[in-house]
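In the working numbering, the protein residues as written are 221 to 833.
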Amino acid sequence: MSVTDAGPGPETAAALAMARELLRTGQVAAARESFRALHRAHPDDLGVLWALADLQLQDGDLDAALQSLTAVADTFMRRGFLLKAVAARRRAQEICPDNVDNLVALAELLARDGQRPEAQRLYHRIATLLRERDRMDDALEALRRGAALGTAEGESGALVLFESCESFGVQMLRAGRLEAALAALEAAWSLKPDSRSALRFLLHTLLRLGWHDRAVGVLRPLLEDNPQDQELWTLLGRVHLQADSLFEAAAAFHQLLTLDPSRTPYMMDVAGRLRDQGQLPAALAALDACVPGLVHKAQEPLALAFLETLREREPRDPFIRMRVDALTAWMAARAAATRDEELKRPWAELREAFQPRAVLLGEGSARPPSGPSHPAVPTEGADDVQSLERLRAVYLAEGLHEKAAAVCVTLSAAYTARGDLAPAREAMDMANRLMAEASRPPRTQRESVDGATGIAGKAEFEDTMHREYRRATRDARPLSVVLLEPDQPATMREGTRTDQEGRLRKLAHELFAALKRAPDLVARVDELTFAVLLPETPTDGARVVADALRTRVGRLPLGTGGAATVTASAGAATVVPVRGGDPVVVMLAARQALRAARSQGGSCTVTQEAHAR
């Protein structure tokens with residue numbers, strides 16, 4: 221630092237020159253007093269501060285020298301000299317390389333100057349020092365600051381910082397500090413999104429926290445960009461498996477088997493869990509998907525043993541018997557075969573017996589039944605999805621929720637194979653909700669299911685609302701109800717009774733499909749009025765759901781000639797129940813909100829807070 225850089229006055233420059241001469245001639249004590257006097261008189265003079273730092277270094281007083289250089293850097297920053305501030309901080313780093321405060325300040329200056337790789341290497345150094353000093357929270361903050369600088373291909377600083385973030389995240393994970401582990405691993409993954417190790421650790425942390433939806437949210441965008449990535453499908457299936465979302469796990473592993481038929485263990489696990497839960501059709505469908513891979517690996521006895529356990533549960537099921545016979549014949553033919561040609565006929569029979577969709581249609585006959593109530597087995601190709609959707613609508617209308625759920629699983633797999641991930645997710649959401657419906661306490665068919673639409677009826681809705689109201693009272697959580705009606709009732713009543721019921725079924729199907737959570741319930745409570753029960757949902761969430769329902773209704777071609785002319789009004793009400801309260805208050809508030817929406821011209825949502833009493 222020169223006197224010109226500091227810009228002192230003539231008297232100060234002369235005094236500084238005299239002090240330096242004293243230092244040069246070895247009169248250290250006199251030089252020290254001169255520098256201190258100059259500093260007291262001119263505390264912000266950069267030349268004095270820099271020379272004082274040199275003297276303090278010669279005296280071995282590192283702390284004082286660091287303090288002087290820090291003052292130099294801060295003064296340069298106040299005056300807008302960024303590069304000179306960086307130079308002062310670098311000089312301080314040479315003096316005290318492990319001073320964290322100086323390193324943090326230097327990293328911030330480098331980042332501001334655009335020297336991102338070097339700043340990230342410094343943040344790595346800072347985090348290492350803080351971890352050695354057991355200051356884990358401060359180390360995490362340093363890593364997050366470094367990660368926030370981003371990365372570009374080939375930047376060594378980002379790669380060094382990535383390794384630091386990942387190792388710190390693993391350390392926190394093993395120590396049970398899950399939120400700190402999550403923050404560090406998210407930072408690592410942001411620096412290197414193609415790192416599968418960081419992704420696995422991140423998912424493991426999310427699962428230990430119980431944040432399954434967030435884990436799925438991490439994987440879904442990756443799958444949309446890489447639909448042929450087997451490892452990503454495996455990870456998605458394992459996430460669903462840990463969340464006990466068996467139908468969604470089955471869909472993910474089905475896609476995995478489509479890419480590599482030999483990767484059967486995960487799907488076999490899903491099939492076993494479905495069997496143990498009594499979901500035999502779904503368990504058999506999962507096994508069907510495994511058979512090609514098991515045969516390829518000569519592991520047919522596994523499938524046969526699985527089938528035998530199913531036959532113990534359902535000894536008269538013709539589809540299970542057909543598969544047992546076909547698999548037994550194949551194993552015998554292969555054991556006796558001397559040429560590949562001798563296996564062709566039993567292999568053809570085996571493939572025919574293990575058509576994954578056939579089990580979803582069985583009603584107790586050896587061949588898949590057909591007719592108005594039970595369409596024929598869908599064939600492979602472009603019409604496959606439409607056939608499955610028609611079959612799902614039939615089962616919904618008949619209230620056969622378990623069968624409809626099994627069709628949804630197959631439908632999701634069909635959509636996934638076509639690369640349509642959004643409808644595939646929607647189908648799996650519906651499968652989960654259908655299974656939740658099927659597991660509700662049993663009631664008579666007349667009471668629980670609306671005959672025209674196949675969804676819950678008014679009695680089922682009222683029972684469920686009372687049960688959820690009691691639970692919300694216990695947990696002090698909000699409970700919301702949405703009432704929805706078409707704005708053009710005349711259009712809904714056009715044509716024959718069959719036409720009217722067809723429109724109602726379409727409308728009910730769309731409302732059912734729009735709901736994402738298993739506890740949510742949609743029911744028909746009046747001629748054209750549908751009610752949606754939303755546990756643990758505040759007012760804002762109820763409005764979002766109501767708007768989504770109205771949007772779906774607006775897409776339906778319900779009018780004569782297929783015109784999409786029907787809109788809907790929605791009234792949403794939310795209550796935080798109190799002990800001894802009556803759930804009727806939230807229904808009354810929802811009806812008031814619905815009337816207000818209609819009075820505003822329709823095609824809108826009105827929300828209202830209900831007061832518990």
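Beta carbons are placed, not taken as given, at the ideal position from N, Cα and C, and that holds for glycine.
8 Å is my cut-off, CB to CB: does residue i come that close to chain C?
i: T693; result: The question asks about chain C, but that chain is absent: this structure has only one protein chain.
In the DSSP output, what is residue i paired with across the bridge?
i: S632; result: According to DSSP, S632 bridges with nothing at all.
i: V292; result: Paired residue(s): none; V292 is not in a bridge.
i: V669; result: A676
Which word fits residue i, buried or exposed, when buried means at least 16 other C-beta atoms lie within 10 angstroms of its C-beta?
i: R368; result: Per the sequence shown, the amino acid found at residue 368 is Ala instead of Arg. The residue is exposed, with fewer than 16 neighbouring Cβ atoms inside 10 Å.
i: S585; result: Confidence is the limiting factor: at S585 the pLDDT is only 27, short of 50, which leaves the residue's position unreliable and the question unanswerable from this model.
i: K517; result: exposed
i: E386; result: buried
i: H621; result: buried
i: V324; result: buried
i: P501; result: buried
i: N446; result: exposed
i: Q475; result: buried
i: T290; result: buried
i: Q851; result: In the structure as shown, the chain starts at 221 and stops at 833, and residue 851 therefore has no counterpart that could be examined.
i: E314; result: exposed
i: E399; result: exposed
i: A790; result: buried
i: S819; result: exposed
i: L303; result: exposed
i: V627; result: buried
i: Q448; result: exposed
i: P337; result: buried
i: D283; result: exposed
i: H344; result: buried
On the DSSP letters alone, give me the boundaries of the alpha helix (DSSP H) that residue i sits inside.
i: T348; result: R336 to E352
i: L620; result: Careful: L620 lies outside any alpha helix (DSSP H) and carries neither H nor E.
i: S410; result: L398 to L411
i: T684; result: K678 to D695
i: V306; result: L302 to I315
i: Q450; result: Q450 to Q462
i: G366; result: M356 to A368
i: R838; result: Past the boundaries of the shown model lies residue 838; the chain is included only from 221 to 833, so the question cannot be answered.
i: R493; result: P485 to D496
i: G437; result: H432 to D445
Three-state secondary structure (DSSP) at residue i?
i: E714; result: coil
i: T529; result: helix
i: V806; result: helix
i: D333; result: coil
i: Q519; result: coil
i: F539; result: helix
i: K501; result: The residue you asked about is not Lys; residue 501 is Pro in the sequence shown. Looking at P501 - three-state DSSP - the assignment turns out to be helix.
i: V798; result: coil
i: S482; result: coil
i: Q391; result: helix
i: Q820; result: coil
i: T548; result: helix
i: N652; result: helix
i: D318; result: coil
i: R299; result: coil
i: E534; result: coil
i: D834; result: There is simply no residue 834 to check, as the chain begins at 221 and stops at 833 in what is shown.
i: P576; result: Below a pLDDT of 50, predicted positions are generally treated as unreliable, and P576, at 45, falls in that range; the measurement from the model is reported next regardless. Of the three classes helix, strand and coil, the one that applies to P576 here is coil, per DSSP.
i: A813; result: helix
i: D283; result: helix
i: H594; result: Bear in mind that a pLDDT of 29 at H594, under 50, signals an unreliable position, so the number given afterwards is only what the model happens to contain. Of the three classes helix, strand and coil, the one that applies to H594 here is coil, per DSSP.
i: D508; result: helix
Could you check where the beta strand (DSSP E) with residue i kicks off and where it finishes?
i: P706; result: L699 to P706
i: G791; result: A788 to V795
i: Q475; result: Note, Q475: premise wrong, no beta strand (DSSP E); alpha helix (DSSP H) at L466 to L479.
i: Q828; result: T825 to E829
Could you tell me whether any non-hydrogen atom of the ligand ZN is closer than 7 Å to the CB of residue i?
i: A743; result: With respect to the ligand ZN, the structure shown offers nothing to examine, as it has no ligands at all.
Entirely enclosed alpha helix (DSSP H) segments - the stretch 732-777, minimum 4 residues:
759-774
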